[in-house]
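Single-structure report; data block below.
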Amino acid sequence: MSELAPFRNAYEIRHVQTNAAKSCTVCYKPSDIVLITDNKKDWFYVCGSHLKDKNFSNLVYWNNEGKDVSNEWKEKCLAVEKAMKEVKKLEKGNEVKNKSSWLSWSKDKESKDDKDEKKSDKESDKEKGNDNLSEKDRKSADLANWRKELADAELQLKEFEKINTRYVLDSVFYKGRLMQEWKQRHANEIKEKLNNGTLFPSLEGVKSLRKEE
Numbered sequence: 001m002s003e004l005a006p007f008r009n010a011y012e013i014r015h016v017q018t019n020a021a022k023s024c025t026v027c028y029k030p031s032d033i034v035l036i037t038d039n040k041k042d043w044f045y046v047c048g049s050h051l052k053d054k055n056f057s058n059l060v061y062w063n064n065e066g067k068d069v070s071n072e073w074k075e076k077c078l079a080v081e082k083a084m085k086e087v088k089k090l091e092k093g094n095e096v097k098n099k100s101s102w103l104s105w106s107k108d109k110e111s112k113d114d115k116d117e118k119k120s121d122k123e124s125d126k127e128k129g130n131d132n133l134s135e136k137d138r139k140s141a142d143l144a145n146w147r148k149e150l151a152d153a154e155l156q157l158k159e160f161e162k163i164n165t166r167y168v169l170d171s172v173f174y175k176g177r178l179m180q181e182w183k184q185r186h187a188n189e190i191k192e193k194l195n196n197g198t199l200f201p202s203l204e205g206v207k208s209l210r211k212e213e
């Protein structure tokens, strides 16, 4: 084989239509998953279960230049986690606030004994209601902002993984792919030489070895 590998050990994942599925290279079961190198010189079908097997391959995050960008992936995961925590916290706070407001309203309603107290309570409730409404609007706006933040962070993470996810094959499998590529290339070279008549050395100019009479 050539000293310089025709393709590096970094495979992207592709999916084909179900009716285009072919045998997995490892277990020969039908699969619609294809692993392909960056330069498209090597590709093969494989089952998704094998991609989770550390003895077959490892998932990494490399860009098209082969640079490790796993730290960027971690940062994007943290952004998703932070936004998700804020959303859950605000949603839980709203649930508690709504329950507390209902209990307070029910208790106040039962304590109204006369007309004057009712009038006073109504005025007080109106002022309190305005304050609660303002706080409720603020919390609703915060929740909406964090939900948008979460959606944006999840989208960025998804796009990042789509572009930078690579699978590094175990050294044994990778060497097997290199050997198969070399054999195929060597067979093609022999076929080409047979077709153009350059496989065997030319006898032109070679002196005849016929025994002189």
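When you number the sequence shown by UniProt numbering, it's gap-free, plus one each residue, and the end is 213.
For every residue, glycine included, the Cβ atom is placed at its ideal position computed from N, Cα and C.
Report task. Put valine 168 into one of helix, strand or coil per three-state DSSP. Result -> Here residue 168 is taken as the residue at index 168 of the sequence shown, counted from 1. Secondary structure at valine 168: strand, using DSSP grouped into helix, strand and coil.
Query - Neighbourhood of alanine 79 by C-beta distance below 6 Å, restricted to the same chain and skipping five residues each side - result: Counting from 1 along the sequence shown, the entry for residue 79 is found at position 79. Correct list, in chain order: Ala153.
Report task. Give the straight-line distance between the Cα atoms of lysine 92 and lysine 136, rounded to the nearest whole angstrom. Result -> Stepping through the sequence shown from its first residue, residue 92 is reached at position 92. Stepping through the sequence shown from its first residue, residue 136 is reached at position 136. Straight-line Cα distance between these residues: approximately 13 Å.
Report task. Please report the residue range of the alpha helix (DSSP H) in which leucine 51 lies. Result -> Stepping through the sequence shown from its first residue, residue 51 is reached at position 51. It spans 48 to 51 - the alpha helix (DSSP H) in which leucine 51 sits, taken as one unbroken run.
Requested in this report: Give the straight-line distance between the Cα atoms of glycine 176 and glutamine 17, rounded to the nearest whole angstrom.
Outcome: To locate residue 176, count along the sequence shown from 1; it is residue 176. To locate residue 17, count along the sequence shown from 1; it is residue 17. One C-alpha to the other measures close to 27 Å.
Query raised in the report: Which residues mark the beginning and the end of the beta strand (DSSP E) in which tyrosine 11 is found?
Result: Mapped onto the sequence shown, residue 11 falls at position 11. Counting along the chain, tyrosine 11 sits inside the beta strand (DSSP E) bounded by residues 11 to 15.
Query raised in the report: isoleucine 13: which of Ser171, Ala21, Val46 sits nearest, CA to CA?
Result: Locating residue 13 in the sequence shown gives position 13, where the first residue counts as 1. Among Ser171, Ala21, Val46, the Cα nearest to that of isoleucine 13 is on Val46.
**Report entry** leucine 4 in three-state terms, based on DSSP
**Finding:** Counted from its first residue, the sequence shown places residue 4 at position 4. Leucine 4: coil per DSSP, three-state reduction.
Report task. Kindly indicate which residue of Asn71, Lys54, Phe56 has the alpha-carbon position closest to the one of tryptophan 62. Result -> Counting from 1 along the sequence shown, the entry for residue 62 is found at position 62. Looking at Asn71, Lys54, Phe56, the one whose alpha-carbon comes closest to that of tryptophan 62 is Asn71.
Query raised in the report: Starting from valine 34 and walking both ways along the beta strand (DSSP E), at which residues does that stretch end?
Result: Here residue 34 corresponds to residue number 34 of the sequence shown, with the count starting at 1. That run of the beta strand (DSSP E) goes 33 to 37.
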